[in-house]
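Worksheet: one structure, shown below.
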Amino acid sequence: MTTLSKPMAPPSPLREFWSYFSANRGALIGLYYIIFLILLIIFADVISPYHPYEQYRQSFLMPPVWEAGGSWAHILGTDDVGRDMLSRLIHGARYSMLAGAMVVTLSLIIGIVLGVLAGFYRGTFEVVIMRIADVMLAVPSLLLAIAVVAVLGPSLLNAAMAIVVVSMPHYIRLARASTISEMSKDYVISSRVAGASSFRLMFVAVLPNCMAPLIVQATLGFSNAILDMAALGFVGLGAQPPIPEWGSMLADARQFVQSAWWVVTFPGVMILTTVLAFNLMGDGLRDALDPKLKQ
Amino acid sequence: MNKTLKLFMGAALATAISATAGAKTLVYCSEGSPEGFNPAFYTSGTTFDATSRQIFNRLVEFKPGTTELAPALAESWNISADGLVYTFKLRKGVSFHANKSFAPSRNFNADDVLFSFDRQRVKDHPFHTVSGGSYEYWDGMGMSDSVKSVKKIDDYTVEITLTAPNAPFIANLGMDFASIFSAEFANKMMAAGTPEKVDSMPVGTGPFSFVDYQKDSQIRYAAFDKYWAGRAKLDRLVFSITPDASVRYAKMKAGECHVMPYPAPADLAAMGKDKDINLMTQEGLNVGYLAFNTQKAPFDNKLVRQALSYAIDKQAILDAVFQGSGKIAKNPIPPTIWSYNDDVKDYGYNPAKAKELLAQAGLSAGFSTNVWAMPVQRPYNPNAKRMAELIQADWAKVGVTAEVVSYEWGEYLARSKNGEHDTVLLGWTGDNGDPDNFLYVLLSCDAVGGGNRAQFCNADFDSLLKDAQKTTDVAKRTDLYKKAQVVFKEEAPWVTIAHSVVYQPLSKNVVGYKIDPFGGHAFYGVDLK
Amino acid sequence: MIAFILKRLGMVIPTFIGITLLTFSLIHMIPGDPITVMAGERGVSAERRAELEALLGLDKPLYEQYFVYISNIAQGDFGKSLITREPVLDEFLTLFPATMELSLFAALFAIGLGLPLGIIAAVRRGSIFDHTVMSISLAGYSMPIFWWGLLLIILFSVTLGWTPVSGRISALYWVDTVTGFMLIDAWMSTEQGAFTSAVQHLILPSIVLGTIPLAVVARMTRSSMLEVLGEDFIRTARAKGLSPLRVIMKHALRNALIPVVTVIGLQVGILLSGAILTETIFAWPGIGRWLLESIHRRDYQVVQGGILIVATMIILINLLVDVLYGVINPRIRHSN
């Protein structure tokens, strides 16, 4: 990392964070791409040329505009029932991002609560929680997610729940480890002595100090959630048609691998770029938040 | 790096081709792993392709490429005047395969027939429970109820007595579950304490003998030199298990297989143009349909059923879902089956007429309902969810709001059997080429709560079917079934959607292949140029 | 040391029991019963259903089924597949070599390429090479591998015709299964060209499965290398006038590898997740595809037994990594 030479008075933490973050070009690109996606999501209904479910029965599998047989009517072509690819990709961003957001929020909250409690109370409670986390970590995550979806039934929501289940143990472990290390610090001991309530101690004093690694994990978790979501969609256990989730679009398109490359390629590109953007941003966040790397 | 890689690849491909020079090997890229190697246990075509159609024979068999019965292990048979007693004269000089733990000491005879049927029929037969013993087809076809006894008259005569006259019975014996096993091998394995080997190391009389199975990867067979109808022209037969249709096609293009089943509809156009591929086609023995739940309002009203039949644009479904690999269906039986009534007039696509009928039924404001879509791909319906989406869009145009519903396959079958649906997509592939196998199984009163997903029970229709079962006179039966199809169309318990057209891509150098109307894949008589 | 290992082993047992509970309860919560699935469109009579349920032990109360399950496992019996009626452990052992072979080569690809890339990137920190490697590895890390596999098939197998499309070996070769490792079996077989065919079949799947680990290894090697390069003893070595190559290869690399090895060890679970997708795309007859198909087919016994075996394997590997790390670590601290 290039050290910024800004001497004088120590800058505000947010300022400092931003100056580190914005020095990382990759992270900025990631951030801009994500902002772009968020705009797409908000204005999907306005921007997309057609409704994503509308079937144009005169044009099944029409290639994109620059290919022979393509037309400006459907810039990125149509799928096998004549739906506009571009509109479906734009709306697809909604499902992938919302699912990602839901997964991260839920697993973060549940993970933090369980992890902080485990780190705070130790003893049997901790052992039980950590053993359960171990059990879940021992099963390959995709396999476990598939099994959970098999129980709940295939749907977008259930696939998201399954990913919450499999990603939770990571947050539990992280939250517990940070809590334990914070607990031994002077300020905690002194507020204990001062008679702060356990709840206050846990969530007002300790937790904010453990947030940095959790935020990084959450950003990276976002990209994992999108990937896992797509993988579940790909094996037929994610979003169900006609929902234009990218992974299930790919699964439906698999039979066209040789005859209509565009229905296979575009959803994959969307997944890749979105995941990449989150990973870039996550890396940038980690560098900016991790004091050890700053030196 | 790239250059050396290319050279390396080139050299390897050259050796691949030279390796085939010795033995004539046909590679069939099959769509899945067989469930096991005893066809009597299972119901899937994948398993039958790997077992009964190569390794075994039956008393009677369908002539290759037709639904017509011909003698096989039984040289001839006759039926008593009351339709109850079937006497089979067995073929002489038929030998069984040998394998590592078995060398047959005698030829095929009546004991083998008795063993093969009694194992499935008699509950205290020593083999009845071996390998988990569930005989899905024997049970599903009601054989236990219809067969009273199986008797050996002499070494080459077997007599089967029925409980009631049952015209389709003889066709049932041509089905895969009625394959003949070696009783001698079974006894030997029982004595050795390994009776399950009968089901994992199959010994039959068929044109190919089983060599080995590498789980989920390959099945290998060798031509049986002493096959009673003459040795196969191929030396070796390999099933290379490739579940994905587009991958199978890619393998065909790369010369890695000679024959593949179930091409993806999307690839058909390209296959037709490919000069290395010979694309055969035939109408399949199946029907895909949308069944209305006729016991639930508003589908208990004939007018509503007719209206929604008018509202569906079947041509669009065929274009999008079948992409040319289907034909619009108007009857519940496919046109390749005898007694198909071509005079029946279908409900064409006519949204105006549909609205009119809905208004007559007092539903001009429309209503909401659901369409169940199967989660799996079937020959009669390559993509049920797509089909449901199209129907949903069509119905919306006449004011009917439909929600697409899907369950896991087992759940789907169970729930639709109970009649929990409003309308459900399903289909049927014929087992033995008899119309009874479609109409009675799928639409009779007896089948309500079973195969009859429309929960349809119409007295006129039912009595026609019952009469047809009681006679073996084909002309009389044809007449009855034709009438039944007219009643069916008027009542409209189903929207008959499509009969799939079976496409069979073959390598140009494969000769003598015949498409099996039952959807099977058999390689006796096939040769490589 | 022994106490440490014993303690770690002691922690494995409750985890193991937890997994049996997890798989058992998951499987029994799955809606739809296997008998209906087995019967398909044709259905099954009530009488036959009762018979089958008794046969499969599905008519007993749940806790009894669990008890039977556990006591069978204790005797090494993981149940029989409902579909093929073969013992689950046999099926696993038949298919495992295929997954093992694929994973080994994926790991080989990841390490063989990831280590040097990571090292060079660290040494030439900030160079174009460094930036390129890091960007590519981040892209690799973000790759939906099921899509990646399809793209590679389109390019290399369909368009260019360089590699075979799927499977482990061309079906034209009759190679007998001896070890289950296709390369070894093909090597020993008398068929001309079988070995080359087996190698060709392994290339694309290994690359696809190895992509994410490759990215992880390259990134990990780089950052761990950077850390070590900044340490005092490296500076000392340099000051002593040792050649840069010697410093890097001998002193820095050895120390930098420790966290990398740990990370590789912990990739086993990720490899297996990837194997499910890779094996599905390439029709590779391994345990990933086996488990996925069993879930689709509601083969209770295989899913239950299979997940248990896989999870146990992962626990044991993690344990091994843990112990190894514990063995190596103190010495490292000394040399610092």
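Just so you know, the sequences run in chain order B, Z and D. Number 67 in the working numbering belongs to position 57 of the first sequence; there are no gaps in the numbering. Number 955 in the working numbering belongs to position 183 of the second sequence; there are no gaps in the numbering. Number 561 in the working numbering belongs to position 162 of the third sequence; there are no gaps in the numbering. The beta carbon of each residue, even a glycine, is placed where N, CA and C say it ideally should be.
Item, Value
"Neighbour-count burial assignment, alanine 793/Z, 16 or more Cβ in a 10 Å radius", "Here alanine 793/Z scores only 47 on pLDDT, less than 50, and its place in the model should not be relied on; the value that follows carries that caveat. Alanine 793/Z is exposed by the Cβ-count criterion."
"Option nearest isoleucine 225/B by Cα separation, candidates Ile57/B, Arg98/B and Asn289/B", "Asn289/B"
"Partner residues on chain D for asparagine 219/B, Cβ-Cβ distance less than 7 Å", "Going along chain D, no residue has its Cβ under 7 Å from asparagine 219/B, so there is no contact; the nearest lies around 24 Å."
"Chain Z contact for alanine 270/B (CB, 8 Å cutoff)", "yes"
"C-alpha gap between glycine 664/D and arginine 183/B, whole angstroms", "19 Å"
"Under 8 Å between C-beta atoms of threonine 483/D and glycine 965/Z", "no"
"C-beta contact flag for alanine 155/B and aspartate 238/B at 8 Å", "yes"
"Closer than 8 Å to chain D by CB, glycine 1292/Z", "no"
"Among Trp1110/Z, Leu1215/Z, Gly1221/Z and Gln1149/Z, nearest to asparagine 1230/Z - alpha-carbon criterion", "Leu1215/Z"
"Beta-carbon gap between aspartate 948/Z and serine 824/Z smaller than 8 Å", "yes"
"Counterpart residues of glutamate 1175/Z in DSSP-defined beta bridges", "Asn1142/Z"
"Below-8 Å beta-carbon distance, arginine 759/D vs any chain Z residue", "Shown here, chain D extends from 400 to 735; a query on residue 759/D therefore has no answer."
"Given 8 Å, three or more beta-carbon pairs between the region 611-626 of chain D and the region 503-514 of chain D", "yes"
"Under the three-state DSSP convention, the category arginine 141/B falls into", "helix"
"Same chain only: Cβ atoms within 7 Å of methionine 72/B, ignoring 5 sequence neighbours per side", "Gly79, Gly80, Ser81, His84, Gly87 and Thr88"
"Cβ separation of methionine 1024/Z and proline 1277/Z, assumed to be a contact under 8 Å, to the nearest whole Å", "6 Å"
"Closest residue to valine 214/B among Ser29/B, Asp94/B and Val123/B (Cα-Cα distance)", "Val123/B"
"Supposed contact pair isoleucine 1084/Z and tyrosine 1121/Z - C-beta distance, whole angstroms, cut 8 Å", "7 Å"
"Delimiting residues of the alpha helix (DSSP H) encompassing tryptophan 849/Z", "Premise fails: tryptophan 849/Z lies in the beta strand (DSSP E), 846-851, not in any alpha helix (DSSP H)."
"Cβ pair valine 174/B, leucine 116/B closer than 8 Å", "yes"
"Proximity to histidine 900/Z [Cα-Cα], best of Phe813/Z, Phe941/Z and Asn1050/Z", "Phe813/Z"
"Span separating the alpha-carbon of serine 1235/Z from that of proline 1154/Z", "34 Å"
"Proximity to glutamate 931/Z [Cα-Cα], best of Asp1166/Z, Asp971/Z, Val885/Z and Pro967/Z", "Val885/Z"
"Boundaries of the beta strand (DSSP E) in which valine 1267/Z is found, first to last residue", "1266-1279"
"Closer than 8 Å to chain B by CB, glutamate 1161/Z", "yes"
"Where methionine 171/B falls: helix, strand or coil (DSSP)", "helix"
"Simplified DSSP assignment, three categories, for phenylalanine 880/Z", "coil"
"Where serine 165/B falls: helix, strand or coil (DSSP)", "coil"
"Candidates Val702/D, Ile647/D, Thr711/D and Gly687/D, of which the one nearest proline 515/D by Cα", "Ile647/D"
"Listed by chain order, chain Z residues near proline 73/B by CB distance under 9 Å", "Under the 9 Å cutoff, chain Z gives no residues; its nearest Cβ is about 13 Å from proline 73/B."
"Cβ-based contacts, 7 Å cut-off: residues of the region 568-590 of chain D near chain Z", "Ser569, Ala570, Leu571, Tyr572, Trp573, Thr576 and Glu590"
"Candidates Leu690/D, Leu644/D, Thr661/D and Val660/D, of which the one nearest leucine 671/D by Cα", "Leu690/D"
"Glutamate 192/B, buried or exposed, once every other Cβ within 10 Å from all chains shown has been counted against 16", "buried"
"Any non-hydrogen atom of the ligand GTP within 7 Å of glutamine 1149/Z CB", "The model depicted lacks the ligand GTP and carries no ligand whatsoever."
"For leucine 798/Z, the three-state DSSP class (helix, strand or coil)", "strand"
"Beta-carbon spacing of valine 1274/Z, glutamine 1054/Z below 8 Å", "yes"
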